[in-house]
Amino acid sequence: MSPRGSATTAQKKWNRGKAGAPKPGQPRPTGRACVTAGCGELAELPRPAAGMVRVAFPGSREPARWYCPQACAAYGHALAEVRALPTS
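Take the numbering used here: the final residue in the sequence shown is number 91, and no numbers are missing along the way.
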């Protein structure tokens, strides 16, 4: 921004004329907030519903679990990856 607080011509060109704060993205459900029965269940149990994805990561302290596809599975995979990091 310029010293006066308004965008310069170059900044406006870069932003394609957009100004102001960006809108926050739409909230997406994740493994914790999911209302689907069986989402987040341990994978030792049978698959709770058709389409559920088994998420496991080698060396993770997080056990394998069943998740809904897409956002919930991504949450589970990220959680498993983080829990595979060394603790010391």
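C-beta atoms are modelled at their ideal positions from N, C-alpha and C, and glycine is treated no differently.
Rounded to the nearest angstrom, how far is the Cβ of residue i from that of residue j, given a contact under 8 Å?
i	j	result
R50	E65	Not a contact, Cβ separation roughly 18 Å.
Y70	M55	7 Å
How long is the line joining the alpha carbons of residue i and residue j, rounded to whole angstroms?
i	j	result
C42	T90	27 Å
T39	G62	28 Å
Q73	S9	40 Å
R68	L88	18 Å
V58	R19	41 Å
Would you call residue i buried or exposed, if buried means 16 or more other Cβ atoms sit within 10 Å of its Cβ?
i	result
W107	Nothing can be reported for residue 107: it is not among the residues displayed for the chain, which extend from 4 to 91.
L82	buried
Out of the options, point me to the one whose CA is closest to residue i's CA.
i	options	result
E84	A76, F60, R68, C75	F60
C37	C75, L82, L48	C75
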